[in-house]
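Remember, the working numbering sits 15 above the position in the sequence shown when you count from 1.
Glycine is no exception: its CB is placed at the ideal position from the N, C-alpha and C atoms.
Computed from a predicted structure; not experimentally measured.
The structure appears below as structure tokens.
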Amino acid sequence: MKETIYTIPVNDAYNDPEFECPLCRLRKKTEENEIEYYLGPSLMEPDTRIITNKTGFCPDHMAKLNKQVTNRLGLALVLHTHLLDYDEDISKDLADAAPAKAGLLKGRSNDYKAALKSIADRIDARTATCPVCEKMNKTIDRYNLVIMHMFSHDPEFKQKFMNTKSHCLPHTASLLRTAAAKLSQNDASDFVSALAKSNKEYFEELEHDVEWFTLKFDYRNKEKPWGNSKNAIQRSMRFLSSDTGEYNEG
């Protein structure tokens with residue numbers, strides 16, 4: 016199958032059969048590119064600033080942007096106009112939402128509750144958005160489609176997929192949804208069988224390694240080798256929740 020701009024990164028991600036989740040690798044690369052993008056020349060583009068002024072970034076990507084110490088000025092510029100936009104959108108309505116105190120001339124009322132819930136919903140809506148997350152999700156959706164096409168039409172890639180060590184559970188779910196929408200029954204049979212086999216084997220590997228990690232705390236096992244259990248906690252967290260966190264492997 017002839018490689019294209021869409022298939023090259025997918026092939027690259029699946030070239031190492033021992034990597035825990037190729038989609039996590041694709042996701043991480045997309046994330047790195049997006050963080051670089053939002054702190055690069057794009058931060059001076061009006062269309063980009065309109066987006067970042069309204070959305071800001073989720074806590075995880077705010078922290079990762081903060082780690083890019085090479086462009087502190089760029090981050091400050093983005094945050095400054097975001098704060099201005101937020102202030103203009105929220106502050107006055109938040110102050111106006113404070114209910115009048117009940118007194119002798121004015122009795123108690125529940126009318127203020129709707130106003131408080133409304134302003135809370137608006138704050139939640141703004142803090143729930145993140146352009147990096149949105150781009151990552153859209154990119155992974157596109158990669159899922161590429162994976163389905165390659166699995167059906169490229170025997171070499173199909174073999175790579177079948178030899179993959181595992182896919183994390185969140186990406187397993189996204190692959191299953193895409194397979195349900197895009198694969199024929201026969202291709203889906205091969206695809207899900209391969210996915211189930213690799214994940215079951217990895218479940219068993221992690222279960223063994225995590226158990227041995229706990230048993231190493233028994234003084235009777237102190238001198239016995241760790242095997243692959245030293246980073247079993249971190250590998251398990253990545254498998255269960257996708258490679259979105261930075262875990263200390265000691």
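At least 3 beta-carbon pairs within less than 8 Å: the segment 38-45 vs the segment 183-193: yes
Where Ala28 falls, given that 16 or more other Cβ within 10 Å makes a residue buried: buried
8 Å Cβ cutoff met for Glu47 and Lys150: no
CB of Pro269 within 8 Å of CB of Thr179, strictly: The structure shown does not extend to residue 269, since the chain is modelled only from 16 through 265, so no value can be given for it.
Host alpha helix (DSSP H) of Lys239 (start-end): Here Lys239 belongs to no alpha helix (DSSP H), and DSSP marks it neither H nor E.
Per-residue burial, Leu98 [other beta carbons within 10 Å of its own, 16 or more giving buried]: exposed
Cβ-Cβ separation, Ile134 to Asp108 (assumed contact under 8 Å), whole Å: 6 Å
Distance, Ser199 Cα to Val207 Cα: 12 Å
Contiguous beta strand (DSSP E) assignments of at least 3 residues, all confined to the segment 60-136: none
Where the alpha helix (DSSP H) through Asp27 begins and ends: 22-28
From Arg157, Lys116, Ala112, residue whose alpha carbon lies closest to that of Ala13: The question about residue 13 has no answer here: the residues shown for the chain are numbered 16 through 265.
Leu221 beta carbon less than 8 Å from that of Ala194: no
Where Leu255 falls: helix, strand or coil (DSSP): helix
Spatial distance of Lys132 from Arg141 (CA atoms): 14 Å
Sequence-distant residues of its chain with Cβ nearer than 8 Å to Asp67 (five each side left out): For clarity, residue 67 is Thr in the given sequence; the question names Asp instead. Excluding residues within five positions, the ones whose Cβ falls inside 8 Å are Tyr53, Leu58, Val93, Thr96, His97, Pro146.
Boundaries of the alpha helix (DSSP H) in which Cys148 is found, first to last residue: 146-168
Beta-carbon gap between Ala209 and Phe172 smaller than 8 Å: no
Pro37 - DSSP class collapsed to helix/strand/coil: helix
Rounded C-alpha distance that separates Asn86 from Ser106: 29 Å
Residue interval of the alpha helix (DSSP H) (run including Lys215): 200-230
Thr187, enclosing alpha helix (DSSP H) - first and last residue: 184-197
From Ile23, Thr45, Pro24, residue whose alpha carbon lies closest to that of Lys153: Thr45
Beta-carbon proximity check, Phe254 vs Glu51, cutoff 8 Å: no
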